[in-house]
Structures are given as structure tokens and as C-alpha cells.
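What follows is a set of notes on a single structure, which appears directly below.
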Amino acid sequence: MSNPLFTALALCALPCLIACDGQQYVSPDTVALSITKDATGIKKLNHCNYVPVLLGGEVDATYDVDGDLQAVLSITRDSVKVAFVGAGSEVEPFVATTKDVLDAPQTASSPPAGYTALLSSGCTPDERAESSGVRRAQAIAHARRRDQ
Numbered sequence: 044m045s046n047p048l049f050t051a052l053a054l055c056a057l058p059c060l061i062a063c064d065g066q067q068y069v070s071p072d073t074v075a076l077s078i079t080k081d082a083t084g085i086k087k088l089n090h091c092n093y094v095p096v097l098l099g100g101e102v103d104a105t106y107d108v109d110g111d112l113q114a115v116l117s118i119t120r121d122s123v124k125v126a127f128v129g130a131g132s133e134v135e136p137f138v139a140t141t142k143d144v145l146d147a148p149q150t151a152s153s154p155p156a157g158y159t160a161l162l163s164s165g166c167t168p169d170e171r172a173e174s175s176g177v178r179r180a181q182a183i184a185h186a187r188r189r190d191q
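Heads up: the sequence shown begins at 44 in this note's numbering, then just goes up one per residue.
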């Protein structure tokens with residue numbers, strides 16, 4: 044004869060066995076900013092950042108490129124913006140939709156003279172690089188001020 048308690052437990056456990064078929068997680072999207080010096084072909088900057096998952100989230104970072112030239116990166120769920128400051132970089136900021144960057148690499152149409160700037164996806168952020176230095180501290184401080 045069948046034990047009714049065993050049958051009831053088996054019926055309750057069956058959905059869990061079917062629904063839980065391993066580790067369930069979402070891997071967040073990433074965006075890489077690469078800047079290459081045209082004359083030498085040397086990559087001066089290559090940084091990877093996560094795309095914010097939450098609505099209203101923003102990743103802001105400033106990177107030293109070459110001498111006084113800096114790249115200011117701002118990533119939201121909807122757009123990626125790269126502005127250049129210093130070293131006579133009188134160029135318009137480069138803006139692309141996050142979807143476009145995730146679909147295919149995007150090249151800045153007018154980067155500072157002598158440089159090529161590229162936004163791409165599928166990179167792996169280096170946690171050591173992201174957790175060290177003044178730039179990371181500035182990005183965290185900016186995020187905290189914005190959340191207050």
C-alpha cells in the first residue's frame with residue numbers, strides 16, 4: 044500500500060525539482076572604452092564597466108588617457124557618453140545608446156585628433172583595477188551625492 048504522507052510530500056517536492064534546475068543568476072551587461080593612439084597603434088586606455096541594472100543608476104568615471112587628455116565616461120541603462128577634456132580636446136561628446144553598443148562596437152565619429160575611441164561590449168571588469176585608485180573613489184562619491 045501507498046503511504047499518503049509520502050505521496051503528499053512527493054507532490055509538493057516535484058515542482059521544486061522541475062523549476063530549480065541549477066544556479067539561477069543574471070550576468071549584467073558590460074561596456075568597454077578603448078582609446079588608441081593612431082600614430083603608434085598603441086592602446087592608451089582599455090577599461091570595462093558594468094551597465095547599471097537599476098532604473099536611474101549611473102556609472103561615472105574619469106580616466107587618464109595620454110598626458111593631460113582625459114576621458115569622462117557616463118553609462119546609464121539607456122546611453123553611453125564619452126567626453127574628452129584637457130590637451131586641447133575641443134570635440135563634441137560621443138553618445139551612443141546602450142542597446143547599440145551591446146549589439147555592435149561603436150566608433151566615435153570625432154575623437155580628439157590622433158586618437159580612435161571605441162565602445163564595445165562583452166568585456167570582463169577587472170575588480171582589482173576598479174577597486175583601487177582615486178578615480179574609483181571619485182565615482183563612488185559622485186554616486187553617493189546623487190543618491191542623497
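For glycine and all other residues, C-beta sits at the position ideal for the given N, C-alpha and C. It should be emphasised that the depicted structure is a prediction, and the values quoted were computed from it without experimental measurement.
- Out of 135, 119, 156 and 46, the CA that lies nearest to the CA of residue 100 is found in 119.
- If you keep only unbroken alpha helix (DSSP H) runs of at least 4 residues inside the stretch 105-154, you get 141-146.
- Shown here, residue 159 sits in a strand according to DSSP, grouped into three states.
- Shown here for residue 87: same chain residues with a beta carbon closer than 7 angstroms to its own, the five before and five after excluded, namely 78, 79, 80, 108 and 109 in chain order.
- For the pair residue 74 and residue 163, the CB atoms are nearer than the 9 angstroms cut-off.
- In this structure, the straight-line span from the alpha carbon of residue 157 to that of residue 82 is close to 7 angstroms.
- Assigned with DSSP and collapsed to three states, residue 50 falls in helix.
- In the same chain as residue 153, and ignoring 5 residues on each side of it, the C-beta atoms closer than 7 angstroms to its own belong to 134 and 135, in chain order.
- The straight-line gap separating the alpha-carbon atoms of residue 71 and residue 84 is approximately 31 angstroms.
- Bridge partners of residue 103 according to DSSP: 117.
- The alpha-carbon separation between residue 104 and residue 144 amounts to approximately 18 angstroms.
- Taken through DSSP and simplified to helix, strand or coil, residue 74 comes out as strand.
- In the DSSP assignment, residue 98 falls outside any beta strand (DSSP E) and carries neither an H nor an E.
- Counting every other CB atom within 10 Å of its CB across the protein chains shown gives residue 116 a total of 16 or more, marking it as buried.
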